[in-house]
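**Q** If you're matching positions, the sequence shown starts at 1 in our numbering and goes up one per residue.
Starting off with a structure, shown below.
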Amino acid sequence: MLRFAFRYAKGARAVKNPLHEATIAQLQARMKRGELSSQTLTGAYIGRIETIDTLLHSVLEVNPDALEIAAALDDERRRKGPRGPLHGIPILLKDNIDTGDKMQTTAGSLALVGSRPAQDATVAERLRIAGAVILGKANLSEWANFRSTHSISGWSARGGQCQNPYRLGHNPCGSSSGSAVAISANLAAASLGTETDGSIVCPSATCGIVGIKPTVGLVSRAGVIPIAHSQDTVGPMTRTVADGAAILGALTGLDPRDKATNASAEHFTADYTRFLDPEGLVGARIGVARERFFGYHTATDAVIEQAIAAMQAAGAVIVDPANIPTATDDRMRESELTVLLYELKADIASYLATRVPGQADLPQPHSLADLMAFNQAYPDLELELFGQELFEMAWQKGDLSDSVYLEALALGKRLAGPEGIDAVMDAHRLDALVAPTGAPAWHNDPKLGDRYVGGSSRPAAVAGYPLISVPAGFADGLPVGITFMGRAWSEPTLIRLAYAFEQKSLARRAPQGF
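If you want it as structure tokens, here you go:
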């Protein structure tokens, strides 16, 4: 195998390298000047994965063709110039995003090792078209944290327990755990995660990076292992807002494989970097969504109060409080669970039908029942730490014409959107709402599962609205994120505000030792 610069001896403490914390724009500038090639960059990240990820368990597999792809992109750059801002940039994909190559796509479960995707997910295809190098697959909470009520974020049967890079033994949150950990530890330039409720923004916050959860329909979900089509979305996870904006533009657009993207026709753009404005907070009306989202963790609240004060000092008009009227209405939580259970049963069957046989001696599941049967057949591998109660609950649900499902879907959308986020933003003429993304990382607990508190993602998740989590500071040495939330299709506004806050606060600090 080729040996590249910036490699480390196994077990050695990682030393900062010239690519440490490099942004996509900085990497492109170095490649333009001839100081760096995509092949060298890709090799450097592979070297870091090989030497550092033995501690973090954030990457399930490296693309065996990554170096060859990078070399071809270098040759194309010499002959034709770069395709765009992602040309030659190595990006990891969460392991629930299909790739029609030599890598597996399993949602972290051994049950899917016997089958494979027939083609790329649309987002993977669009990254390839943009010239990105798909570097590998990131570990995740198995089945995107929707197998058990006692699951452990960041654990999968394929990858084991993903660790928080700021404090080993602490949880990275999930379900896009490896996507966050790898980027925070500088194992790739960027990654893609997925979110149904909190799965991009929570790990981004606990791992000290930026996570963009787009409006449902802005980015295609075709070829993404689903939980629920009414809430699932795909988004970038990066070290900076600018990097996230650059990637988001490559992902958007209509897709006949996902009819939800039809709603984005008048809303998407191919360039979100044009909304990056360091003075974007000036005159912005920002509401503080206090009720339900503050008061869980004193040190986190203190960090967020400082962030709010910094935004006000930067010229924002702070409306405090600006509570979401339905934030404490438990019917939102109850209806969300009902919808997710119904949609999981239907959506996973539809997805499994798109896969083709892989290893002939391994089963190819076709339904949720098949997945449960696999887990029961291999309990030592799949069920030793927690069960599959959510799978079992979902299997008992009817089809999507059931009145219980339809009523829950309508109720949740109404409470979260028109009577929730929209209502408070209308009342106070707001550009965005802010709240803590959640409390800092907690100790991994294989017996009791997650101990996450204070999350603010549910209203936007149920409504299908966008969120951006940005590093805001630290509590006891662990990262704290602040969430910007807004109406449907308000990504340009949220990117402008999040970028301006990021530039004023400069709160991200890379984890020591990585």
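All C-beta atoms, glycine included, are put in the ideal place defined by N, C-alpha and C.
(1) Report, in whole angstroms, the separation of the C-beta atoms of residue 489 and residue 215, which I expect to be a contact under 8 angstroms.
(2) Grab me the residues of residue 23's own chain with a C-beta within less than 8 angstroms of its C-beta, minus the 5 sequence neighbours each way, in chain order.
(3) Measure the Cβ-Cβ separation of residue 308 and residue 459 and say whether it is below 7 angstroms.
(4) Suppose you measure from the CA of residue 86 to the CA of residue 306; what does that come to, to the nearest Å?
(5) Using only alpha-carbon positions, find the residue among 387, 294, 434 that is nearest to residue 484.
(6) Indicate whether residue 209 and residue 180 have their beta-carbon atoms separated by less than 7 angstroms.
(7) Among 172, 25, 352, whose alpha-carbon lies nearest the alpha-carbon of residue 369?
(8) Near residue 123, which residues of its chain fall below 7 angstroms by C-beta distance, leaving aside the five closest residues on each side in sequence?
(9) What are the boundary residues of the beta strand (DSSP E) that residue 263 is part of?
(10) Are there three or more Cβ pairs, one per stretch, closer than 8 angstroms when the region 23–38 is compared with the region 159–166?
(11) In three-state DSSP terms, what is residue 106?
(12) Taking buried to mean at least 16 other C-beta atoms within 10 Å of its own C-beta, is residue 443 buried or exposed?
(13) Taking its Cβ as the centre, do 16 or more other Cβ atoms sit within 10 Å of residue 356, making it buried, or is it exposed?
(14) Short of 6 angstroms in beta carbon distance, which residues of its chain neighbour residue 1, apart from the five on each side in sequence? Order them along the chain.
(15) In terms of residues, what are the limits of the beta strand (DSSP E) holding residue 290?
(16) State the DSSP-derived secondary structure class of residue 388, mapped to helix, strand or coil.
(17) Compare the C-beta of residue 161 with all C-beta atoms of chain C and state if any pair is closer than 7 angstroms.
(18) Give every residue of the same chain whose Cβ lies closer than 8 angstroms to the Cβ of residue 12, excluding the five residues on either side of it in the sequence, and list them in chain order.
(19) If you draw a straight line from the C-alpha of residue 278 to the C-alpha of residue 373, how long is it?
(20) Hey, would you say residue 204 sits closer than 7 angstroms to residue 198, going by beta carbons?
(21) Measure the alpha-carbon distance for residue 56 versus residue 185 and round it to whole angstroms.
(22) Do residue 299 and residue 475 come within 7 angstroms of each other at the CB atom, strictly closer than that value?
(23) Using 8 angstroms for Cβ pairs, my map puts residue 102 next to residue 65. What's the rounded Cβ distance?
(24) If I measure Cβ to Cβ from residue 112 and keep anything under 6 angstroms in the same chain, skipping five residues before and after, which residues do I get?
(25) Using the three-state DSSP reduction, which class does residue 170 fall into: helix, strand or coil?
(26) Given this structure, state the Cα-to-Cα distance separating residue 407 from residue 338, to the nearest angstrom.
(27) DSSP three-state call for residue 504: helix, strand or coil?
(28) Between residue 224 and residue 213, is the Cβ-Cβ spacing less than 7 angstroms?
(29) Mind checking who residue 143 pairs with in its DSSP beta bridge?
(30) Is the distance from the Cβ of residue 397 to the Cβ of residue 342 below 7 angstroms?
(31) For residue 449 versus residue 129, is the C-beta distance shorter than 7 angstroms?
(32) What does a CB cutoff of less than 7 angstroms around residue 165 pick up in its chain, not counting 5 residues either side in sequence?
(33) Identify which residue in 76, 231, 285, 89 has its Cα closest to the Cα of residue 260.
(34) Please go through the same chain and pick out, in chain order, the residues whose beta-carbon is closer than 6 angstroms to the beta-carbon of residue 249, but skip the five residues on each side of it.
(35) Figure out for me which residue from 109, 59, 89, 104 has the closest Cα to the Cα of residue 127.
(36) Give the straight-line distance between the Cα atoms of residue 222 and residue 425, rounded to the nearest whole angstrom.
**A** Put simply:
(1) 5 angstroms
(2) 239, 240, 242, 243
(3) no
(4) 34 angstroms
(5) 434
(6) yes
(7) Per the Cα distances, 352.
(8) The answer, listed in chain order, is 97, 192, 219, 220, 234, 251.
(9) Neither: residue 263 is in no beta strand (DSSP E) and is coded neither H nor E.
(10) no
(11) coil
(12) exposed
(13) exposed
(14) At residue 1 the pLDDT is 27, less than 50, meaning the model places this residue with poor confidence and gives no usable figure here.
(15) Element bounds for residue 290: n/a, residue is neither H nor E.
(16) coil
(17) No chain C appears in this structure, which consists of one protein chain only.
(18) Low confidence applies here, because residue 12 scores a pLDDT of 33, under 50, leaving its location unreliable; read the following figure in that light. Excluding positions up to five away in sequence, the list reads 51.
(19) 53 angstroms
(20) no
(21) CA-to-CA, the gap between residue 56 and residue 185 works out to about 9 angstroms.
(22) yes
(23) 6 angstroms
(24) For residue 112, the CB contacts under 6 angstroms within the same chain, skipping 5 residues up- and downstream, are 106 in chain order.
(25) strand
(26) About 10 angstroms.
(27) helix
(28) no
(29) When beta bridges are read from the DSSP output, residue 143 appears opposite no residue.
(30) yes
(31) One thing to note: residue 449 has its Cβ no nearer than 7 angstroms to the Cβ of residue 129.
(32) 56, 181, 184, 185, 207, 511, 514
(33) 231
(34) 270, 271, 272
(35) 89
(36) Rounded to whole angstroms, residue 222 and residue 425 show a C-alpha spacing of 32 angstroms.
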